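Chains A and B are the protein sequences, given in the same order.
Count the first sequence with my numbering and you get residues 1 to 435, in order.
Count the second sequence with my numbering and you get residues 1001 to 1451, in order.
Worksheet: one structure, shown below.
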Amino acid sequence: MADLTTEFVGIKSPNPFWLASAPPTDKEYNVRRAFEAGWGGVVWKTLGEAGPPIVNVNGPRYGVVYGADRRVLGLNNIELITDRPLEVNLREIKAVKRDWPDRAMVVSLMVPCEEQAWKAILPLVEETGADGVELNFGCPHGMSERGMGSAVGQVPDYIEMVTRWCKQNTRMPVIVKLTPNITDIRYPARAARAGGADAVSLINTVNSITSVDLDNMCPEPMIDGKGTHGGYCGPAVKPLALNMVAEIARDPETAGLPISGIGGVTTWRDAAEFLALGAGNVQVCTAAMTYGFKVVQEMAAGLSNWMDEKGYASVSAVSGRAVPNVTDWQHLNLNYVTKARIDQDSCIKCGRCYAACEDTSHQAIAMSPDRVFMVIDAECVACNLCVDVCPVEDCITMERLAAGAIDPRTGQVVPAEHGDWTTHPNNPGALKAAE
Amino acid sequence: MTNSPRTPGIAPARLPREAYARNFADVEPPLDAHEAMVAADRCYFCHDAPCITACPTAIDIPLFIRQIQTGQPEGAAKTIFDQNILGGMCARVCPTEVLCEEACVREAAEGKPVEIGRLQRYATDTLMQRGVHPFERAAPTGKRIAVVGAGPAGLACAHRLAMKGHDVVLMDAREKAGGLNEYGIAAYKTVDNFAEAEVNWLLQIGGIELRTGQRLGRELSLAALEAEYDAVFLGLGLAGVNALRSEGEEHHHVQDAVDFIAGLRQAGDLSTVAVGRDVVVIGGGMTAVDAAVQSKLLGAENVTIVYRRGQDRMSASTHEQDHAASKGVRIVTGAAPLRIIGGDHLEAVEFAYTEEGPDGLTPTGETFRLKADQVFKAIGQHLAGAPEDVHIEAGKIAVTGPGRTTRLGVWAGGDCATGGDDLTVTAVAEGRDAAEDIHATLVGAAQLAAE
Ligand SMILES: Cc1cc2nc3c(=O)[nH]c(=O)nc-3n(C[C@H](O)[C@H](O)[C@H](O)COP(=O)(O)OP(=O)(O)OC[C@H]3O[C@@H](n4cnc5c(N)ncnc54)[C@H](O)[C@@H]3O)c2cc1C
Ligand SMILES: Cc1cc2nc3c(=O)[nH]c(=O)nc-3n(C[C@H](O)[C@H](O)[C@H](O)COP(=O)(O)O)c2cc1C
Ligand code: SF4
Ligand code: SF4
Ligand code: SF4
């Protein structure tokens, strides 16, 4: 059995599955039950400063995007940080950590952008026995209007400044949670590192409107005839999150900075993908909110089985495995030539490949009157759209042309050696370099 | 209750009252909105979809299913009605297992086709339940057309003509319009008087005058119709029932299955419909299955279908046969009736086992008897009452192309005309196509005259 225990910025947990800071971690009752179900750790729902608690809307706070059969593909929310009194949260954090010493207990924080505010709250958290803090620089709605959350996360200088204040005022590890509502994720990550962050976690939710109520002409969720953008999460945001994680993992300026991967993790496979792209662990919210705490059992069992199959002894052995293979477009091998191949035995003759290629690609699939579909190699550019739209798995595959073969589309011999844009004759830059 | 399934002879009220409602309930209950969404999601939106090719009316199935999937069941219904104005009935009665659903690529892939028929019903029910009619008539053309026979072929023809702006007089020999939709289709396929409701909904287009109790050959003559109208369409169906040519056939408890079914369909109270204790149905098609199953559902103790050829030759689909078997109907194949035995009361039918050889069907010499107090003949219907002035070919009105008979100005379609299977949906297609041809002919002629 593979070893799922992880140590992330010195915080140990029995598995790499943490619940992200969100409603699932907003109170003692939830967190105890989450630990009973098997979660390796939690990041407690974001705490604000002492004083009158935050207020939430009293109407709906979620919008949703469905796939087939009402499967939740994406969720957005307009919830703010915890609306329970600070002292109640702190008391509960302490009680849970005392009873579950082997689980990771990280506390998310968001207070105004003043050193005094951070100085005041950090010792209170330390006193609970929590393992670390996560700085919420990501919440894109409500709090950002008050100069917090993503309003900080969108300004690298603020990130660096607040991170430094925290590092100077606590012995606990500091994780900086990043917002994806920015053009280049590397800048905030670099700022976090410069401020002394022990790790970054990402992504927080994406600015979004999931749908519009066309009767009331109002975005959802609708509060008394008005709506506002919310933060998008769930399976739909996973691709965005994976890319941002990979960007940070392969940026020389942030290389080696621990990453907690968040965004659409729903199955063991999602988790494995985040790990492969450089995350040291993952955090989950929407999957738990959709299916309940029990999902962690599938995630943990699946990851463990897969690691056994592949011979990975520990989570750290997986972490970052795919990073060396994330590269720039210019380095992709242009001499790697493939053609689509249709397996006639598994083809069910739906014609989707034909419609896709004929209408929107390269007219490289021929359809006979009796519905036999064949790839025309002389036209196929190997885009693989047909593979993507074919309803039968592995019915269409992309087969590589061996070196020395002639590509019937170009009439050129397929070279054996690597050849990319940096050396391509059509690249003016390559010519200049050669001169 | 005095009678039971074991009451000898032919008797009504064999079952407790509540059993009738249960037995004759919707054989395939409608999908609810969520089920329809899930079913619609399974459609691949195929290119040049094989299901469309397999539909005699060529409904754009992937399009209407996608409309359901995007929350537009009424738009879906419009897509269906554009091609098939009786899409509601067809959704209930089409043998989809040998039409669209057999051709569905998911049938090939996993033996579980997209539920096209049930989705079609979901869409058409949604629109029809609102009571609105989705089509408007074109500007009046001043042309008048006689449509004889108000079955699926006649109804589809009349509707399309009315839509094109022609005035239609729709005539039928029977008391009610609908043809076999009203008098023939199994009761559990078209519950809650759907056939009648559908006719009323169809007539909302306007421009169609319905005259019932008008029989061609009695009140009407082709010559008179030709003189009075700009065109004539014949959708007469098959009014005659084939004879067994067996000894004793004239016994009064040997009945045409179609008459039994028509009586059942028109009975307000099914407990009044009398049925035998031991029922034998002779035939191998949809009519045989329907007569047998409905006999069983009325409380007959033993019901047997006997078909003269092998099971694979039965025109009732496997689905229909399975349905009969699931209701407790026994199917005997490879046996032909020799004689009907009995005096005042019927006693039995004697059959000879048959063999299929190069010279056709021959008796093996072995015979057997089946106890029977009621026998239904369901060995096919034939054309009856067709006017003499049109050419008949292989027992049907000969037509070419979109229903043109040998007589100029006279079209025909549905079961009475050559070509196509004898199915509701085929009748609709032929009626519709004839209407388009009539329209093109009349408008073309008018244009020529104007020039
Ligand atoms: C018992 C039974 C069950 C069936 N079940 C199915 C099924 O489940 N699915 C399916 O697809 N098909 C089924 N069919 C076949 C289907 O009903 C027919 O193919 C379809 O009704 C043919 O339509 P039509 O308009 O040509 O004829 P019909 O429906 O027969 O209509 C003909 C009309 O013309 C009228 N008429 C006849 N002669 C004259 C005259 N001389 N003057 C004036 N009017 C006249 C008749 O009264 C009738 O109203 C079944 C048939 C039978 C008998
Ligand atoms: C294969 C592909 C290539 C694209 N190329 C371009 C492009 O060259 N320029 C551009 O402005 N958008 C491009 N787009 C983006 C599309 O125009 C569009 O903005 C995007 O796909 C979102 O729309 P959709 O998901 O509704 O189709 C491309 C999209 C795809 C899928
Ligand atoms: S890979 Fe692209 S170009 Fe080639 S057949 Fe498929 S869709 Fe067409
Ligand atoms: S998409 Fe796949 S299954 Fe459909 S026709 Fe093409 S190869 Fe066959
Ligand atoms: S064949 Fe089946 S999957 Fe394809 S369009 Fe028709 S119903 Fe949909």
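By construction, the Cβ of each residue, glycine as well, lies at the ideal position given by its N, Cα and C atoms.
Source: prediction; values computed, not measured.
Check	Outcome
Closest residue to H141 of chain A among A:S368, A:P123, A:V152, A:A317 (Cα-Cα distance)	A:V152
N333 of chain A (DSSP reduced to helix, strand or coil)	coil
Beta-ladder partner(s) of R61 of chain A, from DSSP	R61 of chain A is not bridged to any residue.
Min CB distance Y354 of chain A to chain B below 8 Å	yes
Residues near N1302 of chain B in its chain [Cβ-Cβ closer than 6 Å; skip 5 each side]	D1278
Nearest to P391 of chain A (by Cα), restricted to the options B:D1125, B:R1042, B:P1005, B:G1009	B:R1042
Closer than 8 Å to chain A by CB, P1016 of chain B	no
Beta-carbon separation (whole angstroms), L109 of chain A vs N169 of chain A, contact threshold 8 Å	With a Cβ gap of about 11 Å, L109 of chain A and N169 of chain A do not count as contacting.
8 Å Cβ cutoff, P156 of chain A in contact with chain B	no
Range covered by the alpha helix (DSSP H) that runs through T1287 of chain B	1286-1297
C1157 of chain B - containing alpha helix (DSSP H), residue span	1152-1163
Heavy atom of ligand 5 within 7 Å of C1046 of chain B beta-carbon	yes
Per-residue burial, H424 of chain A [other beta carbons within 10 Å of its own, 16 or more giving buried]	exposed
Proximal residues to N1023 of chain B (C-beta, below 6 Å), its chain only, five neighbours per side dropped	L1297
Minimum C-alpha distance to I262 of chain A - residue among A:A255, A:R250, A:T286, A:R71	A:T286
Cross-strand partners of M374 of chain A (DSSP beta bridge)	A:A366
Closer than 7 Å: L1216 of chain B CB and nearest ligand 6 heavy atom	This structure lacks ligand 6; the ligands present are ligand 1, ligand 2, ligand 3, ligand 4 and ligand 5.
First through last residue of the alpha helix (DSSP H) which encompasses Y187 of chain A	186-194
Interface flag, D69 of chain A vs chain B, CB-CB below 8 Å	yes
Within chain B, the residues that I348 of chain A reaches when beta carbons sit closer than 8 Å	V1105, R1106, A1108, A1109
Extent of the continuous alpha helix (DSSP H) to which P14 of chain A belongs	Run containing P14 of chain A: none; DSSP gives neither H nor E here.
Helix, strand or coil at C233 of chain A [DSSP, three-state]	strand
Per-residue contacts from R351 of chain A into chain B (C-beta, under 7 Å)	Correcting the residue type first, residue 351 of chain A is Gly in the shown sequence and not Arg. Correct list: C1046, H1047, D1048.
Cα-Cα separation, V1275 of chain B to K1143 of chain B	49 Å
Pairwise C-alpha distance: A1019 of chain B and G1403 of chain B	45 Å
Candidates A:R250, A:D213, A:M222: closest to P190 of chain A by CA position	Here the sequence assigns Arg to residue 190 of chain A, which means Pro is not the residue at that position. Nearest option by C-alpha distance: A:R250.
Three-pair Cβ contact test at 8 Å for the region 225-243 of chain A versus the region 300-314 of chain A	no
Per-residue DSSP class, three states only, for T423 of chain A	helix
Residues of the region 375-409 of chain A whose Cβ lies closer than 8 Å to any Cβ of chain B, in chain order	P391, V392
Any non-hydrogen atom of ligand 5 within 7 Å of P173 of chain A CB	no
Interface residues of chain A facing D1041 of chain B [CB-CB closer than 7 Å]	A68, D69
Inter-residue spacing [alpha-carbon to alpha-carbon] between I182 of chain A and R61 of chain A	24 Å
Closest residue to D1269 of chain B among B:V1258, B:A1013, B:D1125, B:P1152 (Cα-Cα distance)	B:A1013
Option in B:A1186, B:I1438, B:A1417 with minimal Cα separation from A1394 of chain B	B:A1417
C-beta contact flag for I1305 of chain B and V1273 of chain B at 8 Å	no
Through-space distance from G1334 of chain B to E1167 of chain B, alpha-carbon basis	Reading the sequence as shown, one finds Asp at residue 1167 of chain B and not Glu. Looking at the two C-alpha atoms, the distance is approximately 51 Å.
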